[in-house]
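Participant: Below you will find the structure I want to go over with you.
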Amino acid sequence: MKAIIMAGGEGSRLRPLTCDRPKPLTPLLNRPVMEHIVNLLKKHGIRQIGVTLQYLPEAIMEYFGDGSDWGVEMRYFLEETPLGTAGSVKNAEEFLDEPFIVISGDALTDFDLSRAIEFHRQKGAWATLVLTRVQTPLEYGVVMTDKNGSIYRFLEKPSWSEVFSDTVNTGIYILEPRVLQYIPAGQQFDFSKDLFPRLLAEGRPLFGCILAGYWCDIGNLQQYAEAHYAVLAGGVQLELGGQQVAPGVWAEAGAKIHPRAYLEGPAFIGADTVIDAEAYVGPFTVIGRNCHLGSKASLKRAVLWEGVNIGAGAEIRGAILCRQVKVGQGSRIYQGAVIGDGTVLGERVYVDAGVKIWPQKRVESGARLRENLVWGERQPRTLFGREGIVGEINRELTPEQAVKVAAAFATLFQPETALLVSTDHSPAAAMLKHAVLAGLLGAGMVVWDAGILTGGASRYLIRSLAASGGVHIQGSGQGNRARVLLLNQQGASLTPAEERKVENLLGREGMRRTAAGHLGRVMPLPSGLDEYTGFLLNFRPRGQNYQWRIGVGALTPALAQILPRIFQDTGFRLIYLQDGEQQLEQLISLVQTERLDLGLWFGEEGERLSLVLPGGMYLAPAQVQILKTWLYAQRKEQAVIPYPVHWPQALARRLQERGAVIQPVKTNPGLIQNQWAQDEEGFYLLADDLYTLLVLLRQAEEQGLERLLQELPDFNWVAKSTACPWEAKGLVMRRLMEELQDRELELLDGIKLWDNGAWALVLPDSEEPVCRIYAEGPDMEIAESLTEQLLQKITEIQKESEGVG
9 MKAIIMAGGE GSRLRPLTCD RPKPLTPLLN RPVMEHIVNL LKKHGIRQIG VTLQYLPEAI
69 MEYFGDGSDW GVEMRYFLEE TPLGTAGSVK NAEEFLDEPF IVISGDALTD FDLSRAIEFH
129 RQKGAWATLV LTRVQTPLEY GVVMTDKNGS IYRFLEKPSW SEVFSDTVNT GIYILEPRVL
189 QYIPAGQQFD FSKDLFPRLL AEGRPLFGCI LAGYWCDIGN LQQYAEAHYA VLAGGVQLEL
249 GGQQVAPGVW AEAGAKIHPR AYLEGPAFIG ADTVIDAEAY VGPFTVIGRN CHLGSKASLK
309 RAVLWEGVNI GAGAEIRGAI LCRQVKVGQG SRIYQGAVIG DGTVLGERVY VDAGVKIWPQ
369 KRVESGARLR ENLVWGERQP RTLFGREGIV GEINRELTPE QAVKVAAAFA TLFQPETALL
429 VSTDHSPAAA MLKHAVLAGL LGAGMVVWDA GILTGGASRY LIRSLAASGG VHIQGSGQGN
489 RARVLLLNQQ GASLTPAEER KVENLLGREG MRRTAAGHLG RVMPLPSGLD EYTGFLLNFR
549 PRGQNYQWRI GVGALTPALA QILPRIFQDT GFRLIYLQDG EQQLEQLISL VQTERLDLGL
609 WFGEEGERLS LVLPGGMYLA PAQVQILKTW LYAQRKEQAV IPYPVHWPQA LARRLQERGA
669 VIQPVKTNPG LIQNQWAQDE EGFYLLADDL YTLLVLLRQA EEQGLERLLQ ELPDFNWVAK
729 STACPWEAKG LVMRRLMEEL QDRELELLDG IKLWDNGAWA LVLPDSEEPV CRIYAEGPDM
789 EIAESLTEQL LQKITEIQKE SEGVG
């Protein structure tokens, strides 16, 4: 058995750690990460090792040489251009004349590789993927296997609705040489995207071996720090070296620790480090070689590389300090901060949480760093929610973050591209707008400032003005949260693929910054609301045959300008709720007591319309969305309808009877909107509730509102949700898949269970720590029963997990 270590990684998400070194040489417990991998291979009897290189290859070859210092033989294979994971291994084909294991040089693991190798041999596999289980599988490739270990499905970096298991691909593969013939030479070719799907499609023996133990991909700074903590906590089978000098505290030879220094384990102290009197080394601290801690310096959960000097009285909390960093007396560095090689901080410098400083910087005494010396900062667990970016104002969604998000979005386009920016009437949206403008202008964009609009108006103007996209900011109707909608040239919310591009730019801090002579410019668009209103006037009903009386609630400033103009000189009379009565219950009461023909309740600046029908019947926004589809099918023969998988099948069957073509789509709003965007009328019906209202009223004029609604098919449809912590979602979906694998399932989006004419869909929410369940049955009792069964299963799985923990 030979081995290939893939060591070409640049490690852009680990910057500034990797500014001057390839990712595999990033130190972990005073040794490069790749050295731990070499030792693991040797432990399992693998001594012939090939190494694929691309980024700063000389550094790796110089460090490891021929491998003899580690008791192995090493050969190197250099990629002139990026070849992908499989392509880089193909580049070493001359070396691979027997079964071989592929492993990353920038991950940390203590897996029992011998067990995986034996599994591979017993199964007669062409390829065996080493799998493990993780709590949150969103950033990994999920692999689904049967009871025999045979792989039957791959899901690359799934959304929550695609998480059917918590079993993920670790990037460790055991392969037969024959698979190399499937990899084209000199071309980009990946294992997970290209090779394995092809082997699966051709029915080749492809297996997954699930191993217990520690594995960390070390893909970002948080994972890098947590890998150290795991080793110190004993969670990794890795020898620390040195001697135990205090309970849980290990020190290498030559470390000089003053008798009056305070040590609290677990901690690790490198060779020749000096720790002065009354200095404090707290739990989960790693100190490199040749460091110096001054008197009363205090470290907790800190990672220090070689040659770091900490001045007297300085405090380091949860930060990473690279080689030769000098920290002045009395300075404070807080959680998640990273200080690059050779940086010098003066006395009493404060570095706020999450700030990153690139190598070789100097910070004057008394300074406080709230921002990075190079733009960007750590990102939250999930940037995008169900639609757009949502966060608590000035905590999760700050002006600083809005600047960076806007700059990343702008980087998707060429400089001088036109983008439209609009807001609702809220102070939060106004604040964030200024930050967004700064980010767009700094990236060299032309910005049409459309002022206060509805979301529908913003989408319309992007299309009508042929802008390349836009940003619409909502702060009303969100509680203490705000929502930033990034829109593409169709006026639709971004697709998941487009969202990932923005996230990747933020993660690697690749946002464009233009020179002073090429900054963007703002072009006011004061007529935006008028242009949008003029568009709506083309579709307004006349109300000539009947005098309509309509109640209106939750009116916003933009809607207050639009609605009177639309219904002026028509047979429609609008009756508004008085200030202080802005509750949905008051609108329902108004419609009933005044015998109104209709009630309108606008949420989120006209983005979420609810209807109150005569008699007080209430149609929630989700039901209004379904009504829109019905209206579209009535107006368009042989309509092609993108139909979300959580909507009622009874309606889908009825639409098909009317000649419509149903195209099942995932529940992601961006995907749905972009599907509808191919047809202008369909898009406006879906995405603009004011347009929908006018179409509904025109249709009601022709056939009567009651008759129109009576034509809607009855369906027994249930929508519920249950609490599910982020870290439990992967486990819940895997366990559900295991328990339901013999049942009839559909896996387009979430887990959809079919049961005797009824169905239920489980979807992990991407914005909140909940799982959502939708169900439909021949009658409401069956739908409710199926829903309750799944709710109970989800609760039981979480309780069992807590019991195990």
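Count along the sequence shown from 1, then add 8; that gives the number in this note's numbering. Idealized CB from N, CA, C, for every residue including glycine.
#1: Would you check if the distance between the CB atom of G738 and the CB atom of V142 is smaller than 8 Å?
#2: Does the beta-carbon of Q62 have 16 or more other beta-carbons within 10 angstroms, so that it is buried, or is it exposed?
#3: For G75 and M82, I'd like the C-alpha separation in whole angstroms.
#4: Should Q591 be listed as close to the ligand FAD, given that the test is whether its C-beta is under 7 Å from any heavy atom?
#5: Among the residues of its own chain, which have a CB less than 8 Å from the CB of R751, if the five just before and after it don't count?
#6: In this structure, does DSSP put Y148 in helix, strand or coil?
#7: Using CA coordinates, which residue listed in P565, V151, T700 is at the minimum distance from R643?
#8: Please list, in chain order, all residues of the same chain as Y148 whose beta carbon is under 6 Å from its beta carbon, the five residues on each side excluded.
#9: Taking just the CA atoms, how far does A15 sit from Y71?
#10: Give the secondary structure of E101 by DSSP, where H, G and I count as helix, E and B as strand, and everything else as coil.
#11: Jot down the residue ranges of each uninterrupted beta strand (DSSP E) in the segment 254 to 333, minimum 3 residues, whole runs only, in chain order.
#12: Going straight from the alpha carbon of Q409 to that of V455, what length do you get?
#13: Where does Q409 sit, in a helix, a strand or coil, going by DSSP?
#14: Can you tell me where the alpha helix (DSSP H) with Q671 in it begins and where it stops?
#15: To the nearest angstrom, how far is it from the Cα of A727 to the Cα of L771?
#16: Since A285 contacts A269 with CB under 8 Å, what's their CB separation in whole angstroms?
#17: Can you tell which of Q332, S306, K334 has the C-alpha that lies nearest to the C-alpha of G321?
#18: Helix, strand or coil for K644, going by three-state DSSP, please let me know.
#19: Strictly by DSSP, which residues pair up with C224?
#20: What runs of the beta strand (DSSP E), each 3 residues or longer, lie entirely inside the segment 133 to 221?
#21: At a cut of 8 Å, does the segment 233 to 251 reach the segment 150 to 157 through at least three beta carbon pairs?
#22: Report the rounded CA-to-CA distance for F547 versus R706, giving the unit in angstroms.
#23: Would you tell me roughly how many angstroms separate the C-alpha atoms of F108 and F172, rounded to the nearest one?
#24: Is the segment 493 to 512 in contact with the segment 456 to 467, if contact means three or more CB pairs nearer than 8 Å?
#25: In its own chain, which residues sit with a C-beta less than 7 Å from the C-beta of P777, not counting the 5 before and 5 after it?
#26: Relative to the C-alpha of V59, which candidate in L36, D114, G19 has its C-alpha closest?
#27: Just to confirm, is the Cβ distance from G17 to P35 under 8 Å?
#28: Skipping 5 residues on each side, what residues in its chain have a beta carbon closer than 8 Å to that of V289?
#29: Report back the beta-carbon spacing between M453 and P407 to the nearest angstrom; my notes put them in contact at under 8 Å.
#30: Just to confirm, is the Cβ distance from G611 to A562 under 8 Å?
#31: Where do the N-terminal and C-terminal ends of the alpha helix (DSSP H) with F72 fall, by residue?
#32: Considering Cα atoms alone, identify which of S112, E126, A414, E615 is closest to L693.
#33: Pull up the distance between the alpha-carbon of V669 and that of I649, whole angstroms please.
#34: Quick check on the DSSP output: the beta strand (DSSP E) that includes Q498 runs from which residue to which?
#35: Could you check which residue in L146, A416, D120 has the C-alpha nearest to that of A220?
#36: Give me the DSSP bridge partner(s) of V371.
Facilitator: Checking against the coordinates, here is how it stands:
#1: In the sequence shown, the residue the question calls residue 738 occupies position 730. In the sequence shown, the residue the question calls residue 142 occupies position 134. Against a cut-off of 8 Å, the Cβ pair of V142 and G738 comes out as a contact.
#2: On the sequence shown, position 54 is the one that residue 62 refers to. Buried, by the Cβ-count rule.
#3: Taking the sequence shown and counting its residues from 1, the one referred to as residue 75 is at position 67. Taking the sequence shown and counting its residues from 1, the one referred to as residue 82 is at position 74. Straight-line measurement puts the Cα of M82 at about 5 Å from the Cα of G75.
#4: This structure lacks the ligand FAD; in fact it carries no ligand of any kind.
#5: By one-based count along the sequence shown, residue 751 stands at place 743. For R751, where only same-chain residues beyond five positions count, the Cβ hits under 8 Å are L761, W762, D763.
#6: Along the sequence shown, one-based indexing puts residue 148 at 140. Y148: coil per DSSP, three-state reduction.
#7: Against the sequence shown, residue 643 aligns to sequence position 635. When each option's Cα is compared against that of R643, the closest is T700.
#8: By one-based count along the sequence shown, residue 148 stands at place 140. Answer for Y148: V176, listed in chain order.
#9: For the purposes of this step, residue 71 is taken as residue 63 along the sequence shown, with counting starting at 1. For the purposes of this step, residue 15 is taken as residue 7 along the sequence shown, with counting starting at 1. Rounded to the nearest angstrom, the two C-alpha atoms are 13 Å apart.
#10: Residue 101 sits at position 93 when you count from the first residue of the sequence shown. Helix, per DSSP.
#11: Entirely contained in the segment 254 to 333, the beta strand (DSSP E) runs reaching 3 residues are, in chain order, 257 to 259, 275 to 277, 293 to 295, 306 to 308, 323 to 325.
#12: As a first step, residue 409 is located in the sequence shown; it is residue number 401 there, counting from the start. As a first step, residue 455 is located in the sequence shown; it is residue number 447 there, counting from the start. Between Q409 and V455, the alpha-carbon positions lie close to 19 Å from each other.
#13: Locating residue 409 in the sequence shown gives position 401, counting from the first residue. In this structure, Q409 counts as helix in the three-state DSSP scheme.
#14: Mapped onto the sequence shown, residue 671 falls at position 663. Not the alpha helix (DSSP H): Q671 falls in the beta strand (DSSP E), residues 669 to 673.
#15: Against the sequence shown, residue 727 aligns to sequence position 719. Against the sequence shown, residue 771 aligns to sequence position 763. About 11 Å.
#16: Taking the first residue of the sequence shown as 1, we reach residue 285 at position 277. Taking the first residue of the sequence shown as 1, we reach residue 269 at position 261. Yes, A285 and A269 are in contact; Cβ-Cβ is about 6 Å, under 8 Å.
#17: In the sequence shown, the residue the question calls residue 321 occupies position 313. Of Q332, S306, K334, the residue nearest in Cα terms is S306.
#18: Taking the first residue of the sequence shown as position 1, residue 644 is located at position 636. In this structure, K644 counts as coil in the three-state DSSP scheme.
#19: To locate residue 224, count along the sequence shown from 1; it is residue 216. Its beta-bridge partners are L116.
#20: Listed in chain order, they are 135 to 141, 149 to 153, 159 to 164, 175 to 183, 214 to 218.
#21: Proximity of the segment 233 to 251 to the segment 150 to 157 falls short of the contact definition, fewer than three beta-carbon pairs being nearer than 8 Å.
#22: Counting from 1 along the sequence shown, the entry for residue 547 is found at position 539. Counting from 1 along the sequence shown, the entry for residue 706 is found at position 698. Distance from the CA atom of F547 to the CA atom of R706, rounded to whole angstroms, is 8 Å.
#23: Taking the first residue of the sequence shown as position 1, residue 108 is located at position 100. Taking the first residue of the sequence shown as position 1, residue 172 is located at position 164. F108 and F172: Cα-Cα distance of roughly 30 Å.
#24: Contact between the segment 493 to 512 and the segment 456 to 467 is present, because at least three Cβ pairs lie under 8 Å.
#25: Here the question's residue 777 lines up with position 769 in the sequence shown. Once the five neighbours on either side are set aside, the close Cβ partners of P777 are A731, C732, P733, W734.
#26: As a working note, residue 59 is residue 51 in the sequence shown. Restricting attention to L36, D114, G19, the CA atom closest to the CA of V59 is found in D114.
#27: Looking up residue 17 in the sequence shown gives position 9. Looking up residue 35 in the sequence shown gives position 27. No, the pair does not count as a contact, with Cβ atoms beyond the cut-off.
#28: Taking the sequence shown and counting its residues from 1, one reaches residue 289 at position 281. Closer than 8 Å at the Cβ level, and outside the excluded window around V289, lie V257, A269, Y270, L271, E272, A275, I277, I283, I295, L301, L307.
#29: Against the sequence shown, residue 453 aligns to sequence position 445. Against the sequence shown, residue 407 aligns to sequence position 399. Contact flag wrong, Cβ pair sits at about 18 Å.
#30: The residue given as residue 611 occupies position 603 in the sequence shown. The residue given as residue 562 occupies position 554 in the sequence shown. Here G611 is near A562, since their CB atoms are less than 8 Å apart.
#31: As a first step, residue 72 is located in the sequence shown; it is residue number 64 there, counting from the start. It spans 65 to 72 - the alpha helix (DSSP H) in which F72 sits, taken as one unbroken run.
#32: For this step, residue 693 is matched to residue 685 along the sequence shown. The candidate whose alpha carbon is nearest that of L693 is E615.
#33: Residue numbering aside, residue 669 sits at position 661 when the sequence shown is read from its first letter. Residue numbering aside, residue 649 sits at position 641 when the sequence shown is read from its first letter. Rounded to the nearest angstrom, the two C-alpha atoms are 6 Å apart.
#34: By 1-based counting over the sequence shown, the position of residue 498 is 490. Segment: none, Q498 is in no beta strand (DSSP E) and carries neither H nor E.
#35: Within the sequence shown, the letter at position 212 stands for residue 220. Comparing Cα positions, the closest option is D120.
#36: Position 363 of the sequence shown holds residue 371. Bridge partners of V371 according to DSSP: L353.
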